[in-house]
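Numbering (our numbering), first residue to last: 13 to 110.
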């Protein structure tokens, strides 16, 4: 878990530093640990969430919303990023826009 968290933190920090918006899906307990570790390393994840730079969602809020994993639904949701959860008034990151 420590190596995974370190990799996630580096990835998120690099994106935020570059002005990118991030979308992180993780179990709530894992996300909390990663956000705490980010803060300990000088990047305030909660501020990034509040400003809309980072969206954190749980699997149940995304691909397990219907309680069952539906790969077709998941693919459609990634093709339609506007359907993904995010802070009010913000648009989720759309990798197709590049």
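By construction, the Cβ of each residue, glycine as well, lies at the ideal position given by its N, Cα and C atoms.
Query: Check for me: the beta strand (DSSP E) holding residue 64 runs from which residue to which?; Result: Premise fails: residue 64 is in no beta strand (DSSP E) and is neither H nor E.
Query: Only counting runs of 3 or more residues, tell me where the beta strand (DSSP E) segments fall wholly within the segment 16-83, in order along the chain.; Result: 34-37, 66-69
Query: What is the rounded straight-line gap between the Cα of residue 23 and the Cα of residue 74?; Result: 21 Å
Query: Report yes if the CB atom of residue 6 is closer than 8 Å to the CB atom of residue 39, and no otherwise.; Result: The structure shown has nothing for residue 6, since the chain only spans 13 to 110.
Query: Could you name the residues of the same chain whose beta carbon sits closer than 8 Å to that of residue 53, not counting the 5 residues immediately before and after it, in chain order?; Result: 21, 25
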